[in-house]
Amino acid sequence: MCRLKKINIKKFIFYILISSIIIFFVCTGYVLSSCSLEQKNDEKSKVSRNDKTIEPVRIVYAEWDSEIASSYVLKAVIEKKLGYKCELLAVTLTSLWESVAAGDMDVMVAAWLPSLHQHHQQKYRDHVVNLGPNLEGTKSGLVVPEYIPINSIEQLREFSDKFNGNIIGIEPDSGIMKKTREVMVEYNLKNKFDLIPGSDSTMTTILKKALAEKKWVVITGWTPHWMFAKWNLKYLKDPKNIYGGKEHISTIVRKGLKRDRPDVYEFLDKFYWDADDMQECMLMIEKKNMTPEDAALKWINNNKTKVKKWFAG
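Count along the sequence shown starting at 1, add 14, and that's the number in my numbering.
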């Protein structure tokens, strides 16, 4: 009987020892696991706060030479000065406003106001934040080479045959095309001219060919644009003022950007340049065959004082 008790006591001690060891390792493992998880969560939190490559700044633009220049300068400055990666997306005019209003894109610097994008501004104004002009003194209208001896839209009807009955335009949903359709009605040109849709690139290609052959051509034009620095062109007078007078380009951002990316918002609010700045960048792309990325980097390197002002307190 005593022997049995001894054996049971030994077993009992053995079980206690084994259980203690198991409990020790389980608890140690749990503590280590908890510490590891806490450390990982802390690291993840730090990454969310500090790693600016996780979520890029999304810039949307239309494929007009002016907006290509401004959007790539924006990208270069944000990446170089603020440390964020940027994502650029080229879209139509309607999608330009829609994507920012929906919060899918962060910013666009391509709102031609008050006339050309008037309809879109009225439609989306309550769903976006307008930071105001980033460039002032823009102009749009019908443009011809200097050698063509007419000076007003009113004279187009008389010489429609010389122009082969065509007005060369860009994307059909763009603001300048909508205004040109109004012009054709108001100046009684609809039965004399067709408005030919295309792109900024196709329009300037047709213009270049016509200039080389000294042919008559009329296009939808706007400033700033590199073509005015490269060729002798003129606007046709618009007595009915359908295209409007001096206008501006505004910066439009999504709601919530100020909260999510205050440093980006602050820069965008201060981003401002003039027509000569934009033209300088456009000409690098056009005349020197530079990529938009390289032209933007060269522009900010050549204009350090101006860039510095965008970050001044």
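Note that CB positions come from ideal geometry on N, CA and C, so glycine has one too.
Could you tell me which residues DSSP pairs with E101 in its beta bridges? Here the question's residue 101 lines up with position 87 in the sequence shown. Looking at the DSSP assignment, E101 forms a beta bridge with R72.
Would you list, in sequence order, the uninterrupted alpha helix (DSSP H) runs of no fewer than 4 residues that lie entirely inside the stretch 157–193? none
Mind checking Y138: buried by the 16 CB within 10 Å criterion, or exposed? To locate residue 138, count along the sequence shown from 1; it is residue 124. In the assembly as shown, Y138 is a buried residue. Its beta-carbon has 16 or more other beta-carbons within 10 Å.
Which residue comes first and which comes last in the beta strand (DSSP E) that contains A125? If you number the sequence shown from 1, residue 125 lands on position 111. Residues V121 to L127.
Please state whether DSSP places P276 in a helix, a strand or coil. The residue labelled residue 276 in the question sits at position 262 within the sequence shown. It is helical.
Can you tell me which of the three DSSP states S264 falls into? Here residue 264 refers to the residue found at position 250 when the sequence shown is read from its first residue. Three-state DSSP puts S264 in a strand.
Going by the C-beta, is S166 closer than 6 Å to any heavy atom of the ligand COA? With respect to small molecules bound, the structure shown includes none, and the ligand COA cannot be examined in it.
Looking at the structure shown, is K302 part of a helix, part of a strand, or coil, going by DSSP? Along the sequence shown, read from residue 1 onward, the residue named residue 302 stands at position 288. If DSSP states are grouped into helix, strand and coil, K302 belongs with coil.
Please classify Q136 as buried or exposed, where buried requires at least 16 other C-beta atoms within 10 Å of its C-beta. To locate residue 136, count along the sequence shown from 1; it is residue 122. Q136 should be labelled exposed.
How big is the Cα-Cα spacing for I68 and I314? Along the sequence shown, read from residue 1 onward, the residue named residue 68 stands at position 54. Along the sequence shown, read from residue 1 onward, the residue named residue 314 stands at position 300. Whole-angstrom Cα-Cα distance: 25 Å.
Which parts of the stretch 195–244 are runs of the alpha helix (DSSP H), unbroken and 4 residues or longer, counting only runs that do not cross its ends? For the stretch 195–244, whole alpha helix (DSSP H) runs of length 4 or above, ordered along the chain, are 214–226 and 241–244.
Looking at C-alpha atoms only, which residue of G97, I263 and N180 is the closest neighbour of L156? Locating residue 156 in the sequence shown gives position 142, counting from the first residue. L156 has its Cα closest to that of N180, out of G97, I263 and N180.
Nearest-angstrom Cα separation, counted from G117 out to D79: For the purposes of this step, residue 79 is identified with residue 65 of the sequence shown, where counting begins at 1. For the purposes of this step, residue 117 is identified with residue 103 of the sequence shown, where counting begins at 1. Going from the Cα of D79 to the Cα of G117 covers about 25 Å.
When the Cα of K192 is compared with those of W240, L107 and G146, which residue comes out closest? Residue mapping note: residue 192 aligns to position 178 of the sequence shown, counting from 1. If we check each option's Cα against that of K192, L107 comes out closest.
Can you find the residues in the same chain that come closer than 6 Å, C-beta to C-beta, to K153, ignoring five residues on each side of it along the sequence? Counting from 1 along the sequence shown, the entry for residue 153 is found at position 139. So the list reads T237, once near-sequence residues are dropped.
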